[in-house]
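First comes the structure, then the notes that go with it.
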Amino acid sequence: MKDSKFLRALNLQANSKPPVWFMRQAGRYLPEYQKVRKNFSNFLDMCKQPKICAELALQPIDRFGLDASILFSDILTIPDALNLGLAFHEGGGPKFSNPISSPQEIKKLMPFDVNNLGYVFKAVEETKNLLPKDIPLIGFCGSPWTLAAYSIEGGGSKDFKKTKNFMISHPEELQEFLEILSHACYEYLKQQVLSGVNALQIFDSWADLLSATELERFSLKYTRMLAHLLKKDPITADIPIILFEKSPNKKMVDILFKEITCASLYWQEDIQSIAKDFEGQYAIQGNLDPKVLLRSDELIWAETQKICNIMKKYPGFIFNLGHGITPDIEPSKVQVMIDATRQ
Ligand code: 1CP
272 MKDSKFLRAL
282 NLQANSKPPV
292 WFMRQAGRYL
302 PEYQKVRKNF
312 SNFLDMCKQP
322 KICAELALQP
332 IDRFGLDASI
342 LFSDILTIPD
352 ALNLGLAFHE
362 GGGPKFSNPI
372 SSPQEIKKLM
382 PFDVNNLGYV
392 FKAVEETKNL
402 LPKDIPLIGF
412 CGSPWTLAAY
422 SIEGGGSKDF
432 KKTKNFMISH
442 PEELQEFLEI
452 LSHACYEYLK
462 QQVLSGVNAL
472 QIFDSWADLL
482 SATELERFSL
492 KYTRMLAHLL
502 KKDPITADIP
512 IILFEKSPNK
522 KMVDILFKEI
532 TCASLYWQED
542 IQSIAKDFEG
552 QYAIQGNLDP
562 KVLLRSDELI
572 WAETQKICNI
582 MKKYPGFIFN
592 LGHGITPDIE
602 PSKVQVMIDA
612 TRQ
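For any residue, its number in our numbering is found by taking its place in the sequence shown, counting from 1, and adding 271.
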């Protein structure tokens with residue numbers, strides 16, 4: 272396992288070909304996923320079936336022979352475990368029936384109990400049982416900020432207006448909530464590690480809502496708190512941590528800190544200059560624009576090889592997309608991208 276290309280890259284060891292996996296590799300663009308998905312009206316009910324999660328996590332591994340697998344679950348399991356009442360209705364995104372709409376609701380929150388998420392840890396065990404022994408499994412959570420944004424907004428949104436209003440009106444209560452979420456994420460990731468995951472990724476998918484100062488105050492402070500807790504704990508101390516920041520209003524080199532192993536770069540980031548800034552201190556994952564996968568095979572090949580060539584000499588490079596794959600992408604296009612990384 273330690274010799275897997277993915278874990279080698281996270282340890283800043285060179286590989287002759289870059290390891291490849293991609294965000295949202297299991298999901299709606301795969302016909303085999305749709306076949307399973309149609310048996311459930313609420314997506315969350317499917318996430319609560321550990322054997323099904325394992326089957327779904329394996330689908331992209333079986334189809335493409337990827338170098339890492341990611342747990343099949345969702346970042347919103349934590350707010351659901353805090354009793355915010357999550358459901359994914361027909362064709363739509365997440366909706367909370369009981370969102371955080373006032374500071375009083377933060378004070379009244381029930382304490383987080385990691386045992387409410389036993390179905391996730393079972394899914395980790397089931398996935399490890401099915402995975403080839405040399406393919407690492409990535410566990411994950413949302414950043415405290417991203418989880419707070421969904422919890423206050425009550426679901427997805429273009430501008431997260433309610434969340435931004437809450438931030439301006441009740442910054443201290445928001446910070447209390449972020450601290451609760453940081454500890455919840457820590458316990459959640461620790462249980463994932465105890466159940467068998469080999470690396471962790473933190474998704475700060477709504478970093479772009481924040482100015483540089485707000486990013487520091489409401490997001491990075493709590494991601495650091497979470498990473499400190501993980502590194503202080505002997506159970507999780509040696510597990511590599513990957514951080515994804517979506518379009519942050521700050522340079523990646525000023526965002527990363529020593530507890531983080533690897534930066535997962537958003538597709539708009541300039542991988543070449545970031546590789547220079549990092550001077551080989553952190554592994555780098557990224558960052559093909561997922562929209563390239565809607566174009567011709569020739570273009571996909573060229574754009575993939577461009578990134579691989581830039582990163583050829585960088586120890587610790589993992590090829591990935593610069594954000595999740597979308598449902599409109601043909602699986603055959605993904606195969607072109609993977610073949611290009613292995614040339
Ligand atoms: O209806 C369906 O079939 C549900 C689609 C779906 C899937 C396949 C959702 C709903 N979540 C997932 C799985 C998922 N989500 C995984 C495991 C699969 C894999 O990666 O192979 C992971 C890692 C996530 C993480 C996740 N969920 C993120 C972070 C990554 C990112 O894209 O920035 C976020 C923001 C979510 C929230 C979420 N869950 C689902 C949707 C449609 C959304 C986005 C909601 C929105 O803001 O509009």
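Idealized CB from N, CA, C, for every residue including glycine. This one's a predicted model, so the numbers in the text were calculated from it and none came from an experiment.
Check, Outcome
"Terminal residues of the alpha helix (DSSP H) in which Lys366 lies", "Unbroken run through Lys366 is the beta strand (DSSP E), Pro365 to Phe367; no alpha helix (DSSP H)."
"Neighbour-count burial assignment, Leu570, 16 or more Cβ in a 10 Å radius", "exposed"
"Identified DSSP bridge partners for Asp475", "Glu516"
"Pair within 7 angstroms by beta-carbon distance, Leu486 and Pro442", "no"
"Near the ligand 1CP: Ile346 beta-carbon under 6 angstroms from a heavy atom", "yes"
"Alpha carbon of Gln472 to alpha carbon of Arg566, nearest angstrom", "29 angstroms"
"In DSSP terms, what Leu357 is bridged to", "Phe367"
"Contact the region 308-316 vs the region 426-436: 3+ CB pairs below 8 angstroms", "no"
"Buried/exposed call for His594, threshold 16 Cβ in 10 Å", "buried"
"First and last residue of the uninterrupted alpha helix (DSSP H) at Ile423", "Pro415 to Glu424"
"Gly595 Cβ short of 6 angstroms to the ligand 1CP heavy atom set", "yes"
"Whole runs of the alpha helix (DSSP H) within the region 529-584, excluding any shorter than 4 residues", "542-549 and 568-581"
"Outcome for Asp351 when other beta-carbon atoms lying within 10 angstroms are tallied against a minimum of 16", "buried"
"Of the listed residues Ile513, Ser372, Cys318 and Cys324, nearest to Gly347 (C-alpha basis)", "It should be noted that the sequence gives Leu, not Gly, for residue 347. That would be Cys318, whose Cα lies nearest to the Cα of Leu347."
"Option nearest Ile512 by Cα separation, candidates Lys521, Ile609, Ile542 and Lys461", "Lys461"
"Proximity of Val385 and Gly467 at Cβ, strictly below 7 angstroms", "no"
"Classification of Ala498 by the beta-carbon crowding that lies within 10 angstroms, buried from 16 upward", "buried"
"Heavy atom of the ligand 1CP within 6 angstroms of Gln320 beta-carbon", "no"
"Cβ neighbours of Ser490 in the same chain (closer than 7 angstroms, five flanking residues each side left out)", "Ser414, Trp416, Asp475, Ala478 and Leu481"
"Terminal residues of the alpha helix (DSSP H) in which Phe277 lies", "Lys276 to Leu281"
"Reduced DSSP category for Leu527 - H, G, I as helix; E, B as strand; rest coil", "coil"
"Ala297 Cβ short of 6 angstroms to the ligand FAD heavy atom set", "Ligands present in the displayed structure are limited to the ligand 1CP, and the ligand FAD is not among them."
"Beta-carbon gap between Cys533 and Tyr553 smaller than 7 angstroms", "yes"
"Buried or exposed by the 16-neighbour rule on C-beta atoms within 10 Å, applied to Gln539", "exposed"
"Cβ neighbour criterion (16 or more within 10 Å) applied to Asp333", "exposed"
"Cβ distance (whole Å) where Ala483 is taken to contact Ile409 below 8 angstroms", "In fact, because the Cβ distance is near 29 angstroms, the residues do not count as touching under 8 angstroms."
"heavy atom of the ligand 1CP below 6 angstroms from Arg566 C-beta", "no"
"The region 363-377 in contact with the region 289-297 per 3-pair CB rule at 8 angstroms", "no"
"Cβ-heavy atom distance, Ser476 to the ligand 1CP, below 6 angstroms", "yes"
"Any non-hydrogen atom of the ligand 1CP closer than 6 angstroms to Phe634 Cβ", "With the chain running from 272 to 614 in the structure shown, residue 634 is simply not present."
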